[in-house]
Amino acid sequence: MSNSQGPEALEISETPDGEKTLRSVLGAIAAAFERNAQGQRGGLSNGDMAELRRISPDKPYTPALWRILLDFVPDGWVAGPDRDQKERQWATLLMAMAICAGQHDPYKRLGSALAEAGWSELRFVRLLRARDARLEAEVRRLSQYLSSKGTPANFGDLAQLLFHQDGELAENRRRQIARSYYRALHSLESK
Amino acid sequence: MADTRYNLLDDALLSVRRTDATRLQYTLPQVLAALADDAIESFDALQIHQRQPWHSFLVQIAAMAMARHGLTEPPTDSEQWNSLLLELADGEPSAWCLVVEDVSKPAFLQPPVPEGTLKKAKYKLDIESPDDLDILITAKNHDIKRFRLVHPTVEHWLYALLTLQTMEGFLGRGNYGIARMNGGFGNRPLLGMTPGIGWGARFVRDVAVLAKARPKLTDDRYDENGVALAWTLPWDGSKKDALPLQDCDPYFIELCRRLRFLETAHGLECWRSNTNDYRVAGVKELNGLTGDPWTPVVRDKKEAKSLTVSENGFDYQMLNKILFSGDYEKPATFNVEGIDGGVFLVATTLVRGQGKTDGFHHRIVPMPPKINRLWSKPSAREKLGQRAEERVQIAATMRKQILYPSLCALLQAGGSAQIDYADVATWMNAYEAEVDDVFFDALWESVDLEPEVAQFNWEETIYTIGRARLEAAIESCPLPSIRRWRAISNAEGRFEGAARKFLSTLFQPKDITKEESHEQLAGA
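Sequence order for the protein chains is A and B. Read in order, the letters of the first sequence correspond to residues 1 to 191 in the numbering used here. Read in order, the letters of the second sequence correspond to residues 1001 to 1524 in the numbering used here.
Here is the structure:
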């Protein structure tokens, strides 16, 4: 972790009125995953983690997914007519976080993390263009790559990529990620 | 057929819509009386580009007629106008008739033919409709259709004739232009401040302005009782026949072409003949400096000349220079003394191109009462001018240093392809147009603000407009999909970086709070 505050600091990021934010929820999940990696109490079991890592487009739902959704994610976030779709998106995100357990860093933009890890521009563009099942596949590749490089990243950016796939908001989120990717790429190239 | 037909003084040839919504046919004296009464809403057959010559014509004849009788207010009685106008033509009623068979007599805007007959004077019949006569050069059917007037009325001919005779420039050998224009390819812009933009309000105001400016012009270079209507004198088109300016009334109605109308069983015929020189002597040396009450004079290091508006028209940069820079001598109609409320700056011209028309430009800039008050104080006007200039510079910085490089970065998409201005012109022009839209309103609003607050607000406005144009470019410009994100990131990076560097107040704000009513400039 490059964040000197440590994982515990992430758990307190709630709004003043106690409402959970995506940042606080992901922080809490990441902390739980990291406790497992460090063999501490209160973490997920190795079995749960393995289940999450095995999530695929064919088998998105596992008991571990439901447990995490129930324990950490406010019900309103996944409720609604498109509940299936939202659950699949959460499944993909948790799969990526499980593969990269211990690497969540809210202060490291996903774009710059990918650039620094050497993720090619071609793959990066493919990631930003992908939607639905293709995006799930890209996210799997990306998380395996980040894991192999041990590069920390903000998985909140990845969540934005998954949760907003169409419309102006999606465009804005992708542009933010692109901005940090190219800024880092530029500074690496000009070194 | 009668010897004379279509008499503007006696025949109700002009269709008007009155402010009480009634439609009537008026004689010229009735038009002048109704204008003095502010009772005219519009002239039905008048085309938009013909409004300027028509307004100038009405004001000029009114100013001349009134001056000769020492009248200070325009009469509201048409009978009085009738005799005033007749007198202006030295009692020759044919001078106000469109068709006069006897070519040794003047007809409306048509000088007598000293040669005796049209044949001897080599007049030709090659003008088929008022469209041919008018000054609009419409080579293609893009903006305005050619040959629109299939069944022209007398009114259409009258307006086209007036537009040609008082607005046209040089159009090849034998076709010389007016004196109130700098160079044969220039134009005759009309600019003025007026308390109202209706026909009547502008008429009354401009007649008063012309009356006030008259003594200086007659002292300088005109004859107080000189030629008022240039077409009342015979003209053979030769160099020696050119009319010296000092023999004319300062507001004389000039003409530039030899024309004669006849009426046959087929209708009106318009005959024309070439000339060997300008109607007014020494036009080339004049540089358009005729004391025209509506035209600003440009003074650069070498010489003075009357303003020629470019095809860009009256954009904010141009108007800013005319209003505030010391390089322009303001026309008489810019004097707002005696007007208490707000005023409108009206600017109109038809820009002539070579072999084409470069657009009819018309702009009205409202100036609220507080600005009008500032305008009459030289020190406040100077300060306002400085602020305006700073704002033009900020807009230019956005254009040149921020938006343009960002658009180039976007189109280059990380490659090294050379980007021409034409490639980004769409968004640059849209930026300019948006700045133009808000420039003066924002400037007027800023006068009560501290300089730094005003600058902050303007930089914010400019930043928002520039950013919106970049967004529009991102959305609409074709980018190779593989380099799309790189292109967008580069362009945004360039934009934000440059904005932070050049928009100093917006991104390095000091402790600025909006001041409600400082009357910063008003107090000057």
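Backbone N, C-alpha and C define an ideal beta-carbon position, used for all residues, glycine too.
Query raised in the report: If you run the structure through DSSP and keep just helix, strand and coil, what is Asp1436 of chain B?
Result: In this structure, Asp1436 of chain B counts as helix in the three-state DSSP scheme.
Report task. Quick one: residues in its chain with C-beta nearer than 6 Å to the C-beta of Leu185 of chain A, no 5 flanking neighbours on either side, listed in chain order? Result -> Result list for Leu185 of chain A: Ala115, in chain order.
Query raised in the report: Mind pulling the beta strand (DSSP E) runs of 3 or more residues that sit fully within the segment 1309 to 1359 of chain B?
Result: Within the segment 1309 to 1359 of chain B, the complete beta strand (DSSP E) runs of at least 3 residues are 1343 to 1353.
Query raised in the report: For chain C, is any of its Cβ atoms less than 7 Å away from the one on Arg1486 of chain B?
Result: Absent here is chain C; the protein component of the structure consists of chains A and B.
Requested in this report: Output, in chain order, the set of chain B residues within a Cβ distance shorter than 8 Å of Arg134 of chain A.
Outcome: Simply none; closest approach about 15 Å.
Query - Under the three-state DSSP convention, the category His1361 of chain B falls into - result: In this structure, His1361 of chain B counts as strand in the three-state DSSP scheme.
**Report entry** Cβ-based burial, Glu138 of chain A [other Cβ within 10 Å; buried from 16]
**Finding:** Classification for Glu138 of chain A: buried.
**Report entry** Glu189 of chain A, buried or exposed, once every other Cβ within 10 Å from all chains shown has been counted against 16
**Finding:** It is exposed - the Cβ of Glu189 of chain A has fewer than 16 other Cβ atoms within 10 Å.
Query raised in the report: Residues bridged to Pro1366 of chain B by DSSP?
Result: DSSP, once it has assigned bridges, lists B:Phe1344 as partnering Pro1366 of chain B.
Query - Complete runs of the alpha helix (DSSP H) confined to the segment 1017 to 1062 of chain B [at least 4 residues] - result: Fully enclosed alpha helix (DSSP H) runs of no fewer than 4 residues occupy 1028 to 1036 of the segment 1017 to 1062 of chain B, in order along the chain.
Query raised in the report: In the DSSP assignment, what residue or residues form a beta bridge with Arg1299 of chain B?
Result: Beta-bridge pairing links Arg1299 of chain B to B:Ala1304.
Query raised in the report: Taking any Cβ of chain B, which residues in the segment 105 to 127 of chain A have a Cβ under 8 Å from it, in chain order?
Result: Within the segment 105 to 127 of chain A, the residues whose Cβ lies closer than 8 Å to some Cβ of chain B are Glu121, Leu122, Phe124, Val125, listed in chain order.
Requested in this report: Show which residues of chain A have a CB atom less than 9 Å away from the CB atom of Gly1493 of chain B.
Outcome: Correct list: Arg179, Tyr182, Arg183, His186.
Query raised in the report: Mind checking if Ser2 of chain A is an interface residue toward chain B, Cβ cutoff 7 Å exclusive?
Result: Residue placement at Ser2 of chain A is poorly supported in this model, since its pLDDT is 37, which falls under 50; the coordinates still yield a value, given next. Put simply, the CB of Ser2 of chain A is far from chain B, with every gap to its CB atoms at 7 Å or more.
Query - Under 9 Å from the C-beta of Arg175 of chain A: neighbouring residues of chain B - result: Within 9 Å Cβ-Cβ: Ile1474, Trp1485, Ile1488, Ser1489, Glu1492.
Query raised in the report: Are the CB atoms of Ala1063 of chain B and Tyr1251 of chain B nearer to each other than 7 Å?
Result: Yes, they are a contact pair.
Query - Sequence-distant residues of the same chain with beta carbon closer than 6 Å to Arg179 of chain A, five excluded per side - result: None.
Report task. For Ile1371 of chain B, I'd like the list of residues in its chain whose CB is within less than 6 Å of its CB, leaving aside the five on either flank, ordered along the chain. Result -> Result list for Ile1371 of chain B: Trp1444, in chain order.
**Report entry** Contacts around Thr1505 of chain B, its chain only, beta-carbon distance under 7 Å, and the 5 residues preceding and following it disregarded
**Finding:** A distance below 7 Å between beta-carbons, with the five flanking residues on each side excluded, links Thr1505 of chain B to the following residues of its chain, in chain order: Glu1452, Gln1455, Phe1456, Glu1459.
Requested in this report: For Tyr1123 of chain B, count neighbouring Cβ atoms within 10 angstroms of its own Cβ and tell me buried if that reaches 16, exposed if not.
Outcome: Its Cβ being crowded by 16 or more others within 10 Å, Tyr1123 of chain B is buried.
Report task. Verify the CB distance criterion: does Ile1482 of chain B have a CB-CB separation below 7 Å to chain A? Result -> Taking 7 Å as the threshold, the shortest C-beta distance from Ile1482 of chain B to chain A falls below it.
Requested in this report: Establish whether the CB of Ser190 of chain A and some CB of chain B are separated by less than 7 Å.
Outcome: False, the Cβ-Cβ gap to chain B never drops below 7 Å.
Query raised in the report: Which residues bound the alpha helix (DSSP H) around Gly76 of chain A?
Result: From DSSP, the alpha helix (DSSP H) with Gly76 of chain A extends over 75 to 78.
Report task. Taking only the alpha-carbon atoms, compute the straight-line gap between Leu1084 of chain B and Phe1057 of chain B and give it to the nearest angstrom. Result -> Put simply, the backbone Cα of Leu1084 of chain B is about 15 Å away from that of Phe1057 of chain B.
Query raised in the report: Smallest Cα separation from Pro1106 of chain B: which of B:Asp1249, B:Leu1086, B:Ala1039, B:Thr1275?
Result: Of the listed residues, the one whose Cα sits closest to Pro1106 of chain B is B:Leu1086.
Query raised in the report: Is DSSP giving Asn1007 of chain B helix, strand or coil here?
Result: Three-state result, Asn1007 of chain B: strand.
Query raised in the report: Candidates B:Met1066, B:Trp1375, B:Ala1487: which alpha carbon is nearest Ala1212 of chain B's?
Result: The sequence given here places Lys at residue 1212 of chain B; Ala does not occur at that position. Closest option to Lys1212 of chain B, Cα to Cα, is B:Met1066.
Query raised in the report: Just how far apart, CA to CA, sit Leu1245 of chain B and Ile1402 of chain B?
Result: Distance between the alpha carbons of Leu1245 of chain B and Ile1402 of chain B: 51 Å.
Report task. Specify whether the segment 1463 to 1473 of chain B and the segment 1425 to 1436 of chain B touch according to this definition: at least 3 beta carbon pairs, one from each stretch, less than 8 Å apart. Result -> Because the criterion of three Cβ pairs below 8 Å is met, the segment 1463 to 1473 of chain B and the segment 1425 to 1436 of chain B touch.
Query raised in the report: Are the segment 49 to 57 of chain A and the segment 85 to 105 of chain A touching, with three or more C-beta to C-beta distances below 8 Å?
Result: The answer is yes - the segment 85 to 105 of chain A touches the segment 49 to 57 of chain A, with three or more Cβ pairs under 8 Å.
Query raised in the report: Taking 7 Å as the CB-CB cut-off, is Pro7 of chain A touching chain B?
Result: A caution first: Pro7 of chain A carries a pLDDT of 33, below 50, which makes its placement in the model unreliable, though a value can still be read off. No - not a single Cβ of chain B is within 7 Å of the one on Pro7 of chain A.
Query raised in the report: Okay, do the segment 1385 to 1405 of chain B and the segment 1486 to 1504 of chain B touch, 3+ Cβ pairs below 8 Å being the bar?
Result: Segments in contact, yes.
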